[in-house]
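K.L.:
I'd like to ask you about the structure that follows.
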Amino acid sequence: MERVDPAAIAAAILDAPGWCRVGITAPGEHLRKQAAKELALSIASSLAAQGAPDRDQLPLPL
0 MERVDPAAIA AAILDAPGWC RVGITAPGEH LRKQAAKELA LSIASSLAAQ
50 GAPDRDQLPL PL
């Protein structure tokens, strides 16, 4: 399992849409769930984009 950089997670949270960052504190459960799902998708998308290795990089054994 690869380790995820906390700075990358923080950057992904800050890059997420503003409504979902605010929405996770909403009093209504339905809006909180929608916001949490959107925030999670945004973070996952951002981290997946960062994790793509360069196709020219040579695989080296450990």
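Every letter in the sequence shown is one number past the one before it in numbering that gives the first Met the number 0, and letter 27, counting from 1, is 26.
Beta carbons: idealized from backbone N, C-alpha and C, even for Gly.
Everything numeric in this text was worked out from a predicted model, so none of it was measured.
1. Determine the direct distance from the alpha carbon of Arg20 to that of Ala10, and round the result to whole angstroms.
2. How many angstroms separate the CA atom of Ala6 from the CA atom of Gly22?
3. If you count every other CB in all the chains shown that lies within 10 Å of the CB of Leu38, and 16 or more means buried, which is it?
4. I need the DSSP call for Pro5, collapsed to helix, strand or coil.
5. Taking just the CA atoms, how far does His29 sit from Asp4?
6. Tell me, to the nearest whole angstrom, how far the beta carbon of Ala25 is from that of Ala34; I am working on the premise that it is less than 8 Å.
P.N.:
So, from the data block:
1. 13 Å
2. 22 Å
3. buried
4. helix
5. 30 Å
6. 7 Å
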